[in-house]
């Protein structure tokens with residue numbers, strides 16, 4: 090018996106929804122008229138019997154499904170025989186093929202009588218169905234393609250749409266597409282190596298032809314890439330760096346970029362604590378900066394430092410008491426960044442310092458030194474004690490987010506990008522992470538592992554729980570950068 094094809098009547102979801110199916114036809118309109126179904130049903134019940142509406146609709150759907158089922162099988166036969174129209178014999182053949190032999194004889198009798206009454210009805214000359222040309226997507230006009238590409242993200246164009254064909258690649262090189270380069274909140278950012286992402290970013294920067302106005306990146310930025318942007322981004326107005334890591338080899342990279350981009354209005358360097366001299370450098374290079382975003386997760390550095398000193402004392406058997414830091418010195422140390430901002434960035438109208446260690450004294454300095462502030466984010470600042478005086482001093486600012494002071498008025502300008510926002514961890518990756526943790530733990534406890542009878546390949550005994558499809562961890566390799574490079578070499582990028 091042939092496999093049962095999906096009937097058209099079943100292709101559109103719930104028949105009560107009224108949602109248009111394929112071709113714009115509502116699913117209910119594909120069924121037989123309910124009045125005809127009801128009239129036939131009444132012939133099988135007593136004269137005083139009643140039929141519920143749900144029963145009518147159920148039979149209506151069943152009959153329609155049955156007819157569509159037979160018609161689909163008959164249509165397949167016509168296609169195989171290269172015929173363009175169904176005849177009366179095709180449904181009979183379909184019924185025999187699908188195992189409905191008990192219904193063939195009554196249908197044959199009805200068909201015979203029907204042909205006697207209307208001899209020409211079933212044998213009309215069939216009309217050929219219209220044949221549509223296959224669309225060649227490479228011939229879409231460039232202006233239409235550009236409009237479509239504007240809806241895509243930077244990574245989708247670089248790794249997808251721009252590699253489809255030559256004409257799409259030409260469109261993908263249009264400088265207008267690269268005014269806003271956003272390489273954040275995408276799973277590729279977390280799966281590709283840093284050098285691969287930097288290479289992709291350089292392709293985007295080159296294609297902008299000096300017209301790039303915004304560059305947003307997450308996790309992978311290097312000081313060398315910032316210099317690359319500075320040399321080609323004279324129109325740059327906004328740069329947002331999300332958890333890029335600290336530039337140990339070049340601490341002045343961001344300040345140097347700010348000095349070389351005369352139109353720069355916005356800087357973000359989040360999820361990385363910055364010292365006071367960083368803000369002094371930014372203020373010296375770009376004193377007219379409008380937006381500054383330095384937000385991070387709060388942590389109590391004093392508590393961590395105290396705990397480390399206590400452990401060190403225990404190891405050294407040192408009973409000497411710790412000298413207590415004067416409050417003035419403690420407050421000056423925690424407000425170093427706030428004071429630097431107040432002294433060097435007077436034109437700010439948006440400031441995000443979420444997770445900073447400043448106190449009320451630092452906030453008051455910012456309010457006095459930055460009189461144009463309209464948006465201020467101080468959430469998760471653990472040393473900042475909110476009282477009526479602080480709230481009153483901040484009342485002149487349109488949008489203020491203070492720690493544990495609710496509600497926060499919604500402000501799109503204060504929307505932050507999380508450190509790991511966009512990361513997708515699939516189940517096999519979870520097993521791999523756990524196995525890597527075991528390997529790292531074993532490396533630190535090598536002696537103990539040898540005592541337990543494990544060799545250099547102790548992790549081979551690790552089997553992920555309930556994972557029949559788990560990867561062979563012994564063959565896990567680093568990210569191969571050649572694929573992306575070869576593709577762009579092919580297109581002479």
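Numbering (this note's numbering), first residue to last: 90 to 582.
All C-beta atoms in this analysis are idealised placements derived from N, C-alpha and C, irrespective of residue type, glycine included.
query                                                                                                          : result
Local conformation of residue 358 per DSSP, three classes                                                      : strand
Within 8 Å, strictly: CB atoms of residue 447 and residue 470                                                  : yes
Contact under 8 Å by Cβ, residue 152 with residue 123                                                          : no
Near the ligand GTP: residue 330 beta-carbon under 7 Å from a heavy atom                                       : Because no ligand of any kind appears in the structure shown, any question about the ligand GTP cannot be addressed here.
Cross-strand partners of residue 275 (DSSP beta bridge)                                                        : In DSSP, residue 275 forms no bridge with anything.
Nearest neighbour of residue 362, chosen from 474, 336, 521 and 513 [CA to CA]                                 : 336
Cβ neighbours of residue 479 in the same chain (closer than 6 Å, five flanking residues each side left out)    : 449
Under the three-state DSSP convention, the category residue 328 falls into                                     : strand
The stretch 520 to 527 touching the stretch 480 to 499, judged by at least three CB pairs closer than 8 Å      : no
Inter-residue spacing [alpha-carbon to alpha-carbon] between residue 338 and residue 240                       : 37 Å
Cβ distance (whole Å) where residue 435 is taken to contact residue 459 below 8 Å                              : 6 Å
Presumed contact (8 Å Cβ cut-off) between residue 292 and residue 286, rounded CB distance                     : Contact doesn't hold; Cβ gap of about 11 Å is too wide.
Range of the contiguous alpha helix (DSSP H) that encloses residue 345                                         : 342 to 349
DSSP three-state assignment for residue 492, whether helix, strand or coil                                     : coil
Buried/exposed call for residue 114, threshold 16 Cβ in 10 Å                                                   : Any reading at residue 114 is ruled out, since the residue's pLDDT is 46, under 50, leaving its predicted position unreliable.
For residue 254, three-class secondary structure by DSSP                                                       : coil
Segment limits, alpha helix (DSSP H) that includes residue 479                                                 : 477 to 482
Backbone secondary structure at residue 204 - three-state DSSP                                                 : helix
Distance CB(residue 452)-CB(residue 427) smaller than 8 Å                                                      : yes
Three-state class that DSSP yields for residue 438 in the structure shown                                      : coil
Three-state class that DSSP yields for residue 424 in the structure shown                                      : coil
Backbone secondary structure at residue 339 - three-state DSSP                                                 : coil
Classification of residue 150 by the beta-carbon crowding that lies within 10 angstroms, buried from 16 upward : buried
DSSP state of residue 310 mapped onto helix, strand, coil                                                      : coil
Whole alpha helix (DSSP H) elements within the stretch 128 to 184, 4-residue minimum                           : 142 to 169
DSSP bridge partner residues for residue 263 (one or two, in chain order)                                      : DSSP output for residue 263 lists no bridge partner at all.
Given 8 Å, three or more beta-carbon pairs between the stretch 313 to 323 and the stretch 338 to 357           : yes
Separation of residue 297 from residue 250, as counted between CA atoms                                        : 17 Å
Rounded distance between the beta-carbons of residue 356 and residue 315, thought under 8 Å                    : Going by Cβ atoms, the distance from residue 315 to residue 356 rounds to 11 Å, so no, they are not a contact pair.
One or two residues paired with residue 63 in a DSSP bridge                                                    : Residue 63 lies beyond the residue range present for the chain, which begins at 90 and ends at 582; the question has no answer from this structure.
Counted within 10 angstroms of its Cβ, other Cβ atoms place residue 139 as buried (16 or more) or exposed      : exposed
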